[in-house]
Each structure stands twice: as structure tokens, then as C-alpha cells.
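In our numbering, the protein residues as written are 218 to 731. Note that beta-carbon positions come from the ideal geometry of N, C-alpha and C, so glycine has one too.
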Amino acid sequence: MNAIIAIIPIVLLFVLMLGIKMAGHKSALITLLVTIALALFVAPAMGFVPSSFTTIGVGWAVIEGVLKAVFPILIIILMAIFSYNVLVESKDIEVIKNQFISFSNDKGVMVLMLVWGFGGLLEGMAGFGTAVAIPAAILISLGYKPMFSALVSLIANSVPTGFGAVGVPVITLSNEVAAGGVASPELIREISTYCVVQLSPLFVILPFIILTLTNRSSSAIGRNLLIALWVGGISLATQYVVAMFLGAETPAIIGSVAAIVALVLYNRLFAPKKDNANAKHYTVGETLRAWSVYGFILLFILLSGPLFPSINGFLKSHLVSHVSLPIYADGTTFNFGWISNAGIMLFMGTVLGGFVQGVSPKQLLVLLARTTVNLRKTAITIVSLVALASVMNYAGMIVVIASALATVTGQLYPVFAPLIGAVGTFVTGSDTSSNILFKLQANVAHQLNYCNSNWLVAANTTGATGGKIISPQSIAIATAACDMQGRDGEILKAAIPYAVLYIAVGGLMVLLAV
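Laid out in C-alpha cells, this is it:
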């Protein structure tokens, strides 16, 4: 009965979005209100939480959710869409579009380069929706249909998310299960390596799916499989080596760069030769100008990351807001760095790139205001979902769901361990948040007498990356990027089969070596 009560918000969200086909922002807001009612009147009576968790506690949980949604998720989404709109305003998006078109005769290779290569690079450095918003927006500009653009961007933004935002999810997970709350470099490298191994088949499966969605012709299946094996194999080998020897910060970044190089090599050596007779040719200066926005963004994200500890340390220790919430214990605060978050890096890169492209300060302000207004429904969706996750967490609902699943599955638990991680990401929209919520994976491993608990710990991230495909927050970002507001349910319905396959493959991999 506890599990049935706890799972009501998740079921309701599915029913509203898929069954009734209600718009995402309305579905999320209604589900939040129902979750608040459950937390107020049902959870204490069922023993999820102490009876002291009353209206005030629920209210502070909602406030925490709002803070987490705005800082930095909504800021990053806003700046990602803003960067694309600046390219449209300067008309340099046409240069990028023509360069992608002229890159290869094979549309699958072009799409894979954008969502798997470039998107993976964005995820590795920034995370928080940038790898969905920017590639999806560029695909739209290339003439692809909105649904296709949203779907392939969501599918691609899965495997890299375990090491997204410079490895934050896996590092957080390692800290959660480490003695004293601080993981050793050896533990981080071990869990990172386990994550790559568990995801290994998906490095090939996902590129093949993306290529097949791009070209559904039966004659292209063989070529698509070869490309997927080549690019996926290079990505896998690179991430494995980086995870084993360097840790969690750079597997997605270096792996994505390796994938880009692999695609360039394939295109040069094996792809049908492109007839560039009628193609537009651009000088080095025109190319640098067109890519200046994304070039500056990548530069700032790299400089502010752990690869440059002195800069990273300065940014993280200055202009940081510490908000004390009564719901926190032991003096914990909600922290937000005004100059260290990815949103400010996106903003600075966009503004500087906009200046290079000839966009005036007034035009930039108008574009930013217009982008903000256009994202109002997305803002409602994101705020409602993150607040919902916060309430479910403090009301004990998420732990009840995980514990019930562990109890029911018994010795088959390893198959379902990734599902728990996926549930966490579906609810919270974040691999990192899922890892914090379900650090209980290590406890379950000990209860079931598994000799290597860290293998099961890694399974949480394996599943969490799959849950990212159908996370309502990710879908809300895709709807914003593809101008599909209100059609969240359609995207969710299209993405579910791929998420189910992803989680099933992850479960089998976890079971094989448990």
C-alpha cells in the first residue's frame, strides 16, 4: 500500500501526458498539487515521514525545488536557447547549416556528428539540457522535422550524462557511498569504469538507432551498423581508458571528441564523395565568426572546469549565495555560484560571440527578453517538476518506491537496479539527484551478500542515464528548443520504447557480472 501511494505522482504524470494528452506545463503543475496533498495528508499517516513534516515542511520543500529549478537549470536552458537565437539574428546560422550539409552525403553521419559528437561534448562540459537544446535547435534549422530533432537529441543525450557537467553525477554518487562522504580517486575511477562497462552495448546500439531513424531504408541497415560499430567502438574504448586512468571528469568530453574524429575519418575514407561543385565555400574568418558563439562557450566552460583548478577554485569561492532553509539539518545551505555555473558561461560566450557577429547590445537585450517570454511554459514545467521531486524526496515517497522494488525482486534485484536509477531521473530530471536519492543501492548489495557492492552502485547511474531520455524536464527542454510547447506527451510516447530498451540492456549487463 505504501508503494502504491508513493507511485501515484509518477503514474498521474504519465496518465495526464500520455492518456489525456494534456500539455506538459499543466500536467506538471497538477501533479505537483496532488503530490503536495499526498505529502500533507497521506505520507505522515502512512509513516513515510514523521508527523512533524507538516504544511511548513512541505512549503519549504517546494521552495527548495523552485530554487533548484531556477538556479541553474532554467538559467542554462534560457542561455542555450538564447545562444541559438543570436545565431539566427546574425544569420550566421546559415554558415553552420551549410557546413553541416556539405560535410557529408550521408545524412545519418551528419546527424550523428551533431547529436552524438557535438551534443556529447556539450553534455560533458555543461550538462543541464544544453546537449538537448542546442543540437535540436540546429537540426530544426537544417530542415529536419521538430519531432525527429527532439527524439534523436533525447536519445543521444543519455550515455554521456553519467559524466555530464564534468563528471558531477558519478563524483556525487562516489561521495555518497564513500566513508566520511569524500570519495578517494581510486573509488571514483572504479565506479566510473563500472559505469562505462555496464553501458558498453549502448555505445553501439544508440548510434545505430539514430542512424536508422535518419535513414529508414532497408538498404542502409548494413552501412548504419558499420558506422555504429566504428563510432560507438571508438567512443567506448576512449571512455573506458579515460575512466580507468583519469576518473569521472573527462570521459564524456574526450569520448565525444574521439567520436567526432572517428566520424571525420569515416567521412574522408569511406563515405560517398560529396559533390561540392554547388556548395558554398567559406573563408577561415567566416567560419570562425559563425562558430564564435559556440567557440567562446566551449572555451569558458573548459577554463572554468576542474582542468584549470586555480580558475575553478576562484570562481567557486567568490560570489556564491548560501541560502539557509529550515528543512535542512546541520547547517546545510542551498548554494549557487553566480560566476561558476554553466549558465553564466553560456551567457558570456553568447554575448561575446554576438558582438563578433555584429549583433548590437540592444539587439542582444531584445533577443534575451523575447527568449525569456517564449520559455514561460517551459519554466512552469521545470519548476513544477523539480518542486515535485523535492516534495517526494522529503515525504519519503522515492525511498519507499525503491525499497518496495528491492523487496519484490529479491535475488533478481540486479536486473531492476538500473530501473531504480531511471525512476530517480524521471522524477528529478537529474542523474546527480537520482544518485543522491538512491545511494541505498550499496545497502541493498550488502543485504543480498554481493561481493562487489560498487558494481551495483554504478548500476544506479547506468539506469539514471536511460531515464534521462524520458525525463519530463528533458522533454520540456526539447519542446522549447523545437518550438513544440504543449506537445510533451507526443515526445514522451515516441521516446518510451528507446528508454525501455536502454534500461533493459543496462539491467542485463548488471546481472551478468554481479
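Worksheet entry | Same chain, Cβ closer than 6 Å to residue 320, five either side skipped, listed in chain order | Within the sequence shown, numbered from 1, the residue matching residue 320 stands at position 103. So the qualifying residues of the chain are 327.
Worksheet item: Among all the DSSP beta bridges, which residues are the ones paired with residue 583?
Response: Working through the sequence shown from its first residue, we reach residue 583 at position 366. Answer is none; residue 583 lacks a bridge partner.
Worksheet item: Quick one, which of 256, 685 and 288 has its alpha-carbon nearest residue 538's?
Response: Residue numbering aside, residue 538 sits at position 321 when the sequence shown is read from its first letter. If we check each option's Cα against that of residue 538, 288 comes out closest.
Discussion item. Considering just the uninterrupted stretch of the alpha helix (DSSP H) at residue 610, what are its terminal residues?
Written reply: Translated into positions along the sequence shown, residue 610 becomes position 393. 593–611 is the span of the alpha helix (DSSP H), which, as asked, contains residue 610.
Fill in: Selected residue, minimal CA-CA separation from residue 719, among 314, 416 and 220
The residue you call residue 719 lines up with position 502 of the sequence shown. Comparing Cα-Cα distances from residue 719 to each of 314, 416 and 220, the minimum goes to 416.
Practice prompt. Taking residue 608 as the reference, give the member of 272, 229 and 221 with the closest Cα.
Written response: As a position in the sequence shown, residue 608 is number 391, starting the count at 1. Considering only alpha carbons, the answer is 272.
Worksheet entry | Proximity of residue 525 and residue 540 at Cβ, strictly below 9 Å | Walking along the sequence shown from the start, residue 525 turns up at place 308. Walking along the sequence shown from the start, residue 540 turns up at place 323. Cβ atoms of residue 525 and residue 540: not closer than 9 Å.
Discussion item. Which complete beta strand (DSSP E) runs does the region 386–463 hold, if anything under 3 residues is left out?
Written reply: none
Item to complete: Work out the CA separation of residue 500 and residue 727 for me, nearest whole Å.
Response: Here residue 727 refers to the residue found at position 510 of the sequence shown. Here residue 500 refers to the residue found at position 283 of the sequence shown. Cα-Cα distance, rounded: 50 Å.
Worksheet item: DSSP beta-bridge partners for residue 552?
Response: Numbered from 1 along the sequence shown, position 335 holds the residue referred to as residue 552. For residue 552, which the question treats as bridged, DSSP gives the partners 539.
Worksheet item: Taking the alpha helix (DSSP H) that residue 531 falls in, what are its first and last residues?
Response: Looking up residue 531 in the sequence shown gives position 314. First-last of the alpha helix (DSSP H) with residue 531: 526–534.
Worksheet entry | 8 Å Cβ shell around residue 575 - same chain, five flanking residues per side excluded | Position 358 of the sequence shown, counting from 1, holds the residue named residue 575. Cβ neighbours of residue 575 beyond the five flanking positions: 307.
Item to complete: Output the boundary residues of the alpha helix (DSSP H) element that contains residue 670.
Response: For the purposes of this step, residue 670 is taken as residue 453 along the sequence shown, with counting starting at 1. Residues 670–684.
Discussion item. So, for residue 517: in the same chain, excluding its five sequence neighbours on each side, which residues have a beta-carbon less than 6 Å away from its beta-carbon?
Written reply: For the purposes of this step, residue 517 is taken as residue 300 along the sequence shown, with counting starting at 1. Result list for residue 517: 562, 565 and 566, in chain order.
Item to complete: Measure the alpha-carbon distance for residue 571 versus residue 614 and round it to whole angstroms.
Response: Counted from its first residue, the sequence shown places residue 571 at position 354. Counted from its first residue, the sequence shown places residue 614 at position 397. Cα to Cα, the separation comes out at about 46 Å.
Discussion item. Within 10 Å of its beta-carbon, does residue 712 have 16 or more other beta-carbons around it, so buried, or fewer, so exposed?
Written reply: On the sequence shown, position 495 is the one that residue 712 refers to. Label assigned to residue 712: buried.
Discussion item. I'd like the span of the alpha helix (DSSP H) that includes residue 696, first residue to last.
Written reply: Walking along the sequence shown from the start, residue 696 turns up at place 479. First-last of the alpha helix (DSSP H) with residue 696: 689–698.
Practice prompt. Take residue 294 as the anchor and find which of 323, 352 and 243 has the nearest alpha-carbon.
Written response: Numbered from its first residue, the sequence shown carries residue 294 at position 77. Residue 294 has its Cα closest to that of 352, out of 323, 352 and 243.
Practice prompt. Look up residue 277 in the DSSP assignment and say whether it is helix, strand or coil.
Written response: On the sequence shown, position 60 is the one that residue 277 refers to. Helix, per DSSP.
Worksheet entry | Helix, strand or coil at residue 485 [DSSP, three-state] | What you label residue 485 is simply residue 268 of the sequence shown in a count that begins at 1. Here residue 485 sits in helix by DSSP.
Discussion item. Taking 8 Å as the cut-off, is the C-beta of residue 235 nearer than that to any heavy atom in the ligand FMN?
Written reply: What this structure holds is no ligand at all, so the ligand FMN is not there to describe.
Item to complete: State yes or no: is the C-beta of residue 244 within less than 9 Å of the C-beta of residue 233?
Response: Indexing the sequence shown from 1 puts residue 244 at position 27. Indexing the sequence shown from 1 puts residue 233 at position 16. Against a cut-off of 9 Å, the Cβ pair of residue 233 and residue 244 comes out as a contact.
Discussion item. Let me check understanding here. Comparing Cα to Cα, which of 678, 677, 596 and 716 lies closest to residue 286?
Written reply: Locating residue 286 in the sequence shown gives position 69, counting from the first residue. With distances taken between Cα atoms, residue 286 lies closest to 596.
Worksheet item: How far does the alpha helix (DSSP H) with residue 645 in it reach, from first residue to last?
Response: In the sequence shown, residue 645 corresponds to position 428, counting from 1. 630–645 is the span of the alpha helix (DSSP H), which, as asked, contains residue 645.
Fill in: Touch test, the region 357–374 against the region 423–436, Cβ-Cβ under 8 Å, three pairs minimum
yes
Item to complete: For residue 568, collect the residues of the same chain with a Cβ closer than 8 Å to its Cβ; drop the 5 residues on either side in sequence, then sort them by chain order.
Response: For the purposes of this step, residue 568 is taken as residue 351 along the sequence shown, with counting starting at 1. Around residue 568: 581.
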